[in-house]
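Here the structure comes first, spelled out in structure tokens, and everything after it is commentary.
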Amino acid sequence: METGFYIQWHITDLCNLRCRHCYQDRFAGGDDLDWPGLKGVADNLLATFRGWGQKACIHLTGGEPLLKPALWPLLEYLNLQAEVEELGIITNGLLLERGTLERLSAVEKIPEGQDFAGWRGCAGQRLHPVRGDF
Ligand code: SF4
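Numbering (our numbering), first residue to last: 149 to 282.
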């Protein structure tokens with residue numbers, strides 16, 4: 149089974165920032181899929197990869213994926229699937245506390261090199277001109 153796809157999966161509109169450059173115009177999360185809905189999408193993706201004999205790298209994003217509780221069962225589920233080569237999250241970093249980092253570190257398919265900690269230094273004043281007033 150070869151790695152053929154990189155998927156960036158937008159799992160929520162929720163976000164704790166309002167960056168000036170953001171492509172979103174909704175942040176409420178009311179149209180987000182719940183865990184059963186996300187699992188249904190995951191199963192469809194996995195069946196497709198299986199049929200093609202391909203593996204995928206899947207990065208979960210939003211919005212801010214750490215605001216969505218269903219992120220955790222989704223990561224745990226995808227981590228167990230043979231069709232998933234690698235997992236990651238794309239986050240603004242504001243919620244990367246020690247407990248969250250430890251939880252992410254326990255997901256084997258998130259590479260050790262994913263530099264969550266590096267974002268901590270960008271979480272304050274330095275990004276303020278980019279994010280805008282919020
Ligand atoms: S952190 Fe990302 S999703 Fe949130 S407002 Fe900024 S660009 Fe948009």
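Note that the Cβ used here is the ideal one computed from N, Cα and C, for glycine as well.
Everything numeric in this text was worked out from a predicted model, so none of it was measured.
In the assembly as shown, residue 172 is an exposed residue. Its beta-carbon has fewer than 16 other beta-carbons within 10 Å. When DSSP states are grouped into helix, strand and coil, residue 231 belongs to the coil group.
For residue 217, the closest C-alpha among the options 259, 166, 177, 155 is that of 177.
Exclusion of the five residues before and after residue 257 leaves 227, 232, 234, 235 as the residues of its chain whose Cβ lies within less than 7 Å of its Cβ. The nearest non-hydrogen atom of the ligand SF4 is 8 Å or more from the C-beta of residue 243.
For residue 187 against residue 152, the beta-carbon gap comes to about 22 Å, at or over 8 Å, which does not count as contact. In its chain, beyond the 5 residues on either side, 194 have a beta carbon closer than 6 Å to the beta carbon of residue 229. Annotation: residue 244 is outside any beta strand (DSSP E) and is labelled neither H nor E by DSSP. Burial is judged here by how many other beta carbons sit within 10 angstroms of a residue's own beta carbon; residue 240 has at least 16 and is buried.
When only Cα atoms are considered, residue 224 and residue 242 end up about 22 Å apart. It is roughly 8 Å from the alpha-carbon of residue 159 to the alpha-carbon of residue 211. Taking the Cα positions, residue 165 is about 9 Å away from residue 175. Look at residue 218 here: in three-state DSSP terms it is coil, with no helix or strand label.
One Cα belongs to residue 249, the other to residue 162, and the distance between them is close to 20 Å.
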